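Here is the structure we will look at.
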Amino acid sequence: MTDQTPAPSRRSLLSMIGVVAGSAAMYHAMTELGYAEGSTFTGPIKLSQPPPGTSVLILGAGVAGMVAALELRDAGYKVQLLEYNGRPGGRNWSLYGGDTYTELGGFTQTVGFDPGQYINPGPWRLPYHHQGILHYVNRLGVALEPFTQVNFNAYVHSTDAFGGKPKRYREVQADMHGHVAELLAKSTRQGALNKAVTKQDREILLAALKNWGALNANYEYAKGLESSNRRGYEVDPGGGLNSVPVPSEPMAMSDLLKSSLWAAIGAGCNYEMQSSIFQPKGGMGMIGKAFGKELGPLIQYNSKVIDIHQDEKGVTATYIDSRTGGEKRTATADWCVCTIPASVLSQIPMNVGDPMKAAINQLPYQAALKVGLQMKRRFWEQDDKIYGGHTYTNQPNSIIGYPMWDYFSKGKGVLLGAYVFGEPAFIAAAKPPEERVKDAVEYGSKIHPQYKQEFETGVAVAWHRVPFTLGCAGAWTDAGRAEHYDNLCALDGRIILAGEHASRIPAWQEGAVTSALDAITRLHKRVMSA
Amino acid sequence: MGKTMQKHLFAAIALFSLAVPALADTAAPAPPPRPNARGGKFPMQGGQAIYEGVCQGCHMPGAVGAVGAGAYPALASNSKLEVAGYPVGVIMNGQKAMPALGPYFSDAQIADVVNYIRTHFGNTYTDKVTPAEIKMMR
Chain R
0 MTDQTPAPSR
10 RSLLSMIGVV
20 AGSAAMYHAM
30 TELGYAEGST
40 FTGPIKLSQP
50 PPGTSVLILG
60 AGVAGMVAAL
70 ELRDAGYKVQ
80 LLEYNGRPGG
90 RNWSLYGGDT
100 YTELGGFTQT
110 VGFDPGQYIN
120 PGPWRLPYHH
130 QGILHYVNRL
140 GVALEPFTQV
150 NFNAYVHSTD
160 AFGGKPKRYR
170 EVQADMHGHV
180 AELLAKSTRQ
190 GALNKAVTKQ
200 DREILLAALK
210 NWGALNANYE
220 YAKGLESSNR
230 RGYEVDPGGG
240 LNSVPVPSEP
250 MAMSDLLKSS
260 LWAAIGAGCN
270 YEMQSSIFQP
280 KGGMGMIGKA
290 FGKELGPLIQ
300 YNSKVIDIHQ
310 DEKGVTATYI
320 DSRTGGEKRT
330 ATADWCVCTI
340 PASVLSQIPM
350 NVGDPMKAAI
360 NQLPYQAALK
370 VGLQMKRRFW
380 EQDDKIYGGH
390 TYTNQPNSII
400 GYPMWDYFSK
410 GKGVLLGAYV
420 FGEPAFIAAA
430 KPPEERVKDA
440 VEYGSKIHPQ
450 YKQEFETGVA
460 VAWHRVPFTL
470 GCAGAWTDAG
480 RAEHYDNLCA
490 LDGRIILAGE
500 HASRIPAWQE
510 GAVTSALDAI
520 TRLHKRVMSA
Chain B
0 MGKTMQKHLF
10 AAIALFSLAV
20 PALADTAAPA
30 PPPRPNARGG
40 KFPMQGGQAI
50 YEGVCQGCHM
60 PGAVGAVGAG
70 AYPALASNSK
80 LEVAGYPVGV
90 IMNGQKAMPA
100 LGPYFSDAQI
110 ADVVNYIRTH
120 FGNTYTDKVT
130 PAEIKMMR
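Chains as they are written, first to last, in numbering that gives the first Met the number 0: chain R, 0 to 529; chain B, 0 to 137.
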C-alpha cells in the first residue's frame with residue numbers, strides 16, 4: 000500500500016497510549032494486543048495423593064490461604080491455618096450494622112447501618128473473566144448478583160467545570176465521541192487522512208464514524224434525534240398525544256474539552272471493568288465466611304505470627320494471641336504456604352534466603368480509603384433515577400457508588416461515599432474516622448444536595464490503619480517487579496509465598512487465587528519429587 | 000499540539016487520574032504516585048501541619064506508633080532520628096512497609112517535617128536539614 004505512512008511499532012504505540020491515557024489505558028491496550036492476561040485460571044486443579052501424613056502450615060486465612068488449604072486438604076495433606084483476625088477472609092470483608100472495627104491507633108467505629116446494609120471496605124467486584132475466584136464462589140454456593148460499573152445516567156462532576164454542576168455520564172460520552180467523530184469525518188472528507196487511510200477504507204471509515212459518533216446525514220454531531228438517541232432528550236418520546244421527543248443540546252466541544260469531564264468516560268473500558276461483573280449477595284465477605292465454614296476447625300483464629308523458622312525437618316511458626324498476647328505457642332509442619340502481606344511479613348523474623356527477603360522488604364502497601372454512608376432514603380433512585388453504578392468527581396472522594404441491591408426499595412440505602420488511592424487517601428488516614436465520614440458527606444453534597452438532609456451514619460476504612468495489612472495491596476513498581484517478583488514467588492526451602500502480592504493481578508482476589516494455585520502446584524511437585 | 004494545549008491536556012488527565020480508577024482498579028502494576036487534582040503533592044506547609052496531615056496516619060497522633068499484625072514505629076523519643084539523613088532517606092525512598100513519599104513532597108516539605116519530628120515528641124535534635132540538602136539527596 001503506497002499511500003500509507005509507516006505504522007507505528009507496537010511498542011511506540013503502547014508508550015504513546017501510556018503517556019496520554021495513563022497506565023490503565025495502557026494495560027487495556029496491552030491486553031488488546033495480546034501482551035497481558037487477565038487470569039491464568041484454566042479450571043480446578045487436581046493434586047495427586049501426597050505421601051501419608053505430609054503436612055502444610057498455612058499462614059493467613061484470606062482468599063489465598065483458604066484456597067491453598069482447601070485444595071491441599073482435598074489432596075490428602077494435613078493442613079493447619081493460623082489467622083491474625085477473629086474471622087476468615089482477610090481483606091475479603093464486609094462491615095454490617097452492629098459490627099465493631101478498631102483500626103490501628105485504637106480508633107473504634109461501631110457500624111450504625113440498618114440490617115441488610117453493608118459496605119465492602121476491600122474488594123467489591125468479580126469480573127466475569129476472574130474464573131478462579133468465581134470457581135470457588137460457585138463451589139462454596141455463594142449467591143451472586145450483577146454489579147454495575149458504568150451507569151450512563153450517573154454523574155460526571157468537576158468543581159471546575161459547568162459551574163460545578165454535574166453532567167450525566169451519557170451526555171459526556173456521547174458528546175465526546177460525537178465531536179471527535181465529526182472532526183475525523185471532516186478531516187477524512189477534506190483529504191487530510193489520505194496518507195493514512197486508503198481510498199477504499201475512507202468510505203468505510205466515514206460510515207463507521209457516523210455510526211460511532213451518532214453523526215447526522217451531513218456528518219455533523221449536532222442537536223437532533225441522532226445525538227439525543229445517545230445523550231438523552233430534552234423531552235423523551237412518549238405515548239399518545241404530545242409525545243414528540245425534543246432533542247437536547249450537546250455541549251460545545253471547547254467547553255467539554257476544557258471541562259476535563261471526558262477523562263472519566265473510560266471507566267468501563269478497562270478489561271476488569273467490562274460487563275459482566277458480579278458481587279456476592281449480602282456482601283463480598285460472604286466468600287470469606289463460606290471458606291471459613293468449609294475449613295472449620297482447620298483455622299486457628301486470633302493467632303499473631305511472630306517468628307517463622309525452617310530447618311531440614313520442617314517449618315515452625317511461633318505465635319501469640321492477637322488480642323491478649325500471652326504465652327508463645329508453636330505450630331509445625333513439613334511445609335509452609337505463607338500468605339501474610341509483605342508489609343507485615345517484612346517485620347517477622349523468617350530464615351529465608353536473601354533474594355526472597357529483599358523481595359519482601361521492597362514492597363510497601365498502597366494507601367486507600369473507602370467510606371460507607373447510610374442515607375434515610377434512596378434519593379439517587381427516587382430523585383435522580385440512578386440505579387447502581389458510579390458517579391465520578393474531581394473531589395478527593397473520587398467516586399460515589401450506588402448500592403447494587405434492593406433497587407426501588409422504599410427503605411434506606413448505603414452509598415460508597417469515597418473510594419480513593421494515593422495522596423488523598425494518605426491524608427484521610429491521618430484523620431479520625433468520623434472526619435473522613437464528614438468529608439465524604441461534604442463532597443457528596445456538592446453533587447447530591449440531598450446528602451445533608453438524608454445522611455444518617457457512616458463508616459470509614461483507611462487501609463494504612465488496617466491492623467492486619469498496613470495498607471490495601473502490594474505497591475509494585477515496574478522496576479521492583481522486574482528485579483524481585485520471581486524471587487518473591489520462588490520456593491525457598493520449605494516456604495512458599497502466596498497472595499495478591501505474589502501475582503500480576505495486584506489487589507484483585509483473582510490474583511490471590513491464581514497465586515495460591517500456582518504456589519501449591521509447585522509445592523506439591525517438590526513434595527512428590529522428594 | 001501547541002504547548003498551551005499540551006499543558007491543558009495533562010492538567011485535565013491529572014484532574015481525573017483518580018476518577019479513572021487507578022491502582023487497585025487495574026491489573027497493571029501499581030505506578031509511582033500519580034498526579035491528581037493537586038498535582039499529586041501534599042498541600043500542607045510547615046512541619047506540624049505535614050506531620051498531622053500525613054505522617055500520623057501511620058505513626059499516630061503524638062508519634063506513639065501502633066502495633067497490629069505488624070507495627071508502625073513510634074517516632075517519639077526515637078534515637079534513630081539522631082542523624083537527620085536517616086528519616087530523610089526513609090521518607091524519600093521508603094523502607095519495608097513505609098512507602099516512598101519523596102514524589103509527594105517538595106524539598107521544603109521534607110526538610111520541614113524532618114526538622115519538626117526531630118525537635119518534638121521527646122526528640123531534641125536541633126541541627127536542621129535544608130531544602131537544598133534534600134534536593135541533593137533526591
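Glycine is no exception: its CB is placed at the ideal position from the N, C-alpha and C atoms.
Keep in mind that this is a model prediction, so the values were computed, not measured.
query = DSSP beta-bridge partners for G88 of chain R?
reply = For this step, residue 88 of chain R is matched to residue 89 along the first sequence. G88 of chain R is bridged to R:G61.
ask   = List, in order along the chain, the chain B residues whose C-beta lies closer than 8 Å to that of P363 of chain R?
value = As a first step, residue 363 of chain R must be located in the first sequence, where it is residue number 364. Chain B residues near P363 of chain R: G93, K95, A96, M97, P98 and A99.
query = Does the distance from the C-beta atom of R464 of chain R to that of A75 of chain B stay below 9 Å?
reply = Here residue 464 of chain R refers to the residue found at position 465 when the first sequence is read from its first residue. Here residue 75 of chain B refers to the residue found at position 76 when the second sequence is read from its first residue. No, Cβ-Cβ distance for R464 of chain R and A75 of chain B is not below 9 Å.
ask   = Could you give the C-beta distance for G64 of chain R and T338 of chain R, rounded to a whole number, given that I count them as a contact under 8 Å?
value = Here residue 64 of chain R refers to the residue found at position 65 when the first sequence is read from its first residue. Here residue 338 of chain R refers to the residue found at position 339 when the first sequence is read from its first residue. That belief holds up - the Cβ atoms of G64 of chain R and T338 of chain R are roughly 4 Å apart, short of 8 Å.
ask   = Taking buried to mean at least 16 other C-beta atoms within 10 Å of its own C-beta, is S157 of chain R buried or exposed?
value = Taking the first sequence and counting its residues from 1, one reaches residue 157 of chain R at position 158. With 16 or more other Cβ atoms within 10 Å, it is buried.
request  = Check whether the Cβ of S274 of chain R lies closer than 9 Å to any Cβ atom in chain B.
outcome  = By 1-based counting over the first sequence, the position of residue 274 of chain R is 275. Cβ-Cβ to chain B under 9 Å: no for S274 of chain R.
request  = Taking only the alpha-carbon atoms, compute the straight-line gap between L294 of chain R and G96 of chain R and give it to the nearest angstrom.
outcome  = The residue labelled residue 294 of chain R in the question sits at position 295 within the first sequence. The residue labelled residue 96 of chain R in the question sits at position 97 within the first sequence. Using only the alpha carbons, I get a separation of about 26 Å.
heavy atom of the ligand ATP below 8 Å from Q47 of chain B C-beta = Annotation note on the ligand ATP: not contained in the displayed structure, which lists no ligands.
inquiry  = On the criterion of 16 or more Cβ atoms from any shown chain inside 10 Å, does Y220 of chain R qualify as buried, or is it exposed?
reply    = Locating residue 220 of chain R in the first sequence gives position 221, counting from the first residue. With 16 or more other Cβ atoms within 10 Å, it is buried.
query = From A107 of chain B to I116 of chain B, what distance separates their C-alpha atoms?
reply = The residue you call residue 107 of chain B lines up with position 108 of the second sequence. The residue you call residue 116 of chain B lines up with position 117 of the second sequence. If you take the alpha carbons of A107 of chain B and I116 of chain B, they lie about 14 Å apart.
ask   = What three-state label does DSSP hand G371 of chain R in the structure shown?
value = For the purposes of this step, residue 371 of chain R is taken as the residue at position 372 of the first sequence. If DSSP states are grouped into helix, strand and coil, G371 of chain R belongs with the strands.
key: Listed by chain order, chain B residues near Y83 of chain R by CB distance under 7 Å   = Counted from its first residue, the first sequence places residue 83 of chain R at position 84. Neighbours of Y83 of chain R on chain B, chain order: A68.
message = Does chain R have any CB closer than 9 Å to the CB of E132 of chain B?
response = For the purposes of this step, residue 132 of chain B is taken as the residue at position 133 of the second sequence. So no, E132 of chain B is outside the interface.
Closest by C-alpha distance to M278 of chain R, when choosing among R:L368, R:G387 and R:G162 = Start at 1 with the first residue of the first sequence, and residue 278 of chain R comes out as number 279. Looking at the sequence shown, residue 278 of chain R is not Met but Gln. Among R:L368, R:G387 and R:G162, the Cα nearest to that of Q278 of chain R is on R:G387.
ask   = Can you name the residues of chain R whose CB is closer than 8 Å to the CB of Y71 of chain B?
value = The residue given as residue 71 of chain B occupies position 72 in the second sequence. The answer, in chain order, is L103 and L469.
ask   = So, is the C-beta of A62 of chain B closer than 9 Å to a C-beta in chain R?
value = Mapped onto the second sequence, residue 62 of chain B falls at position 63. Closer than 9 Å: no.
message = Short of 6 Å in beta carbon distance, which residues of its chain neighbour Q361 of chain R, apart from the five on each side in sequence? Order them along the chain.
response = Your numbering for residue 361 of chain R matches position 362 in the first sequence. Within the same chain, Q361 of chain R has close Cβ partners G479 and H483.
ask   = For S408 of chain R, does the three-state DSSP call read helix, strand or coil?
value = Within the first sequence, numbered from 1, the residue matching residue 408 of chain R stands at position 409. In this structure, S408 of chain R counts as coil in the three-state DSSP scheme.
key: Under 7 Å by beta carbon: chain A residues contacting A48 of chain B   = Among the chains of the structure shown, chain A does not appear; the protein chains present are R and B.
ask   = At a CB-CB cut-off below 7 Å, which residues of chain R make contact with V112 of chain B?
value = In the second sequence, counting from the first residue as 1, residue 112 of chain B sits at position 113. What V112 of chain B touches in chain R: nothing, since even the nearest Cβ is about 12 Å away.
message = Taking only three categories from DSSP, how would you classify Y318 of chain R?
response = In the first sequence, residue 318 of chain R corresponds to position 319, counting from 1. Note: Y318 of chain R maps to strand in three-state DSSP.
ask   = So is V343 of chain R in contact with chain B if we call contact Cβ pairs under 9 Å?
value = In the first sequence, residue 343 of chain R corresponds to position 344, counting from 1. So, interface residue.
query = Would you call A36 of chain B buried or exposed, if buried means 16 or more other Cβ atoms sit within 10 Å of its Cβ?
reply = Reading the second sequence from its first residue, position 37 is the one you call residue 36 of chain B. Interpretation of A36 of chain B is limited by its pLDDT of 46, a score under 50 that renders its predicted location unreliable; the figure taken from the coordinates is listed afterwards. Buried, since its Cβ has 16 or more Cβ neighbours within 10 Å.
query = Which residue's Cα is closest to the Cα of G162 of chain R: R:I44, R:S274, R:D254 and R:Q452?
reply = Stepping through the first sequence from its first residue, residue 162 of chain R is reached at position 163. Among R:I44, R:S274, R:D254 and R:Q452, the Cα nearest to that of G162 of chain R belongs to R:D254.
ask   = Run through DSSP, which three-state label would T329 of chain R get?
value = The residue given as residue 329 of chain R occupies position 330 in the first sequence. Residue state, collapsed to three classes: strand.
inquiry  = Within 10 Å of its beta-carbon, does A131 of chain B have 16 or more other beta-carbons around it, so buried, or fewer, so exposed?
reply    = Within the second sequence, residue 131 of chain B is the residue found at index 132, counting from 1. Classification of A131 of chain B: exposed, given that the 10 Å Cβ count is below 16.
Closest by C-alpha distance to K312 of chain R, when choosing among R:D306, R:T331, R:L208 and R:I504 = Position 313 of the first sequence holds residue 312 of chain R. Ranking the options by Cα distance to K312 of chain R, first place goes to R:T331.
message = I'd like to confirm the pairing. Which residues does DSSP put opposite Q108 of chain R in its beta bridges?
response = Numbered from its first residue, the first sequence carries residue 108 of chain R at position 109. Per DSSP, R:Y100.
message = Is P466 of chain R close to chain B? Criterion is C-beta to C-beta, closer than 9 Å.
response = Here residue 466 of chain R refers to the residue found at position 467 of the first sequence. Yes, its Cβ sits closer than 9 Å to a Cβ of chain B.
request  = At 4 residues or longer, and completely inside the segment 347-406 of chain R: list those alpha helix (DSSP H) runs for me, N to C.
outcome  = 353-360 and 378-381
message = Helix, strand or coil for Y154 of chain R? Go by DSSP, reduced to three states.
response = Locating residue 154 of chain R in the first sequence gives position 155, where the first residue counts as 1. Y154 of chain R: strand per DSSP, three-state reduction.
Same chain only: Cβ atoms within 8 Å of I264 of chain R, ignoring 5 sequence neighbours per side = Mapped onto the first sequence, residue 264 of chain R falls at position 265. Counting only Cβ-Cβ distances below 8 Å, and skipping sequence neighbours, we find V155, Y168, V171, Q172 and M175.
request  = Could you tell me which uninterrupted alpha helix (DSSP H) segments, each at least 4 residues in length, are contained entirely in the segment 211-265 of chain R, listed from first to last along the chain?
outcome  = 224-230 and 252-258
request  = Can you check DSSP and say which residues form a bridge with A65 of chain B?
outcome  = Here residue 65 of chain B refers to the residue found at position 66 when the second sequence is read from its first residue. Beta-bridge pairing links A65 of chain B to B:Y71.
task = Run down chain R in chain order and give the residues with a C-beta less than 7 Å from the C-beta of A65 of chain B.
result = On the second sequence, position 66 is the one that residue 65 of chain B refers to. Simply L103 and G104.
key: Sequence-distant residues of the same chain with beta carbon closer than 8 Å to A27 of chain B, five excluded per side   = For the purposes of this step, residue 27 of chain B is taken as the residue at position 28 of the second sequence. In this predicted model, A27 of chain B has a pLDDT of only 33, less than 50, meaning its place in the structure is not dependable enough to derive any value.
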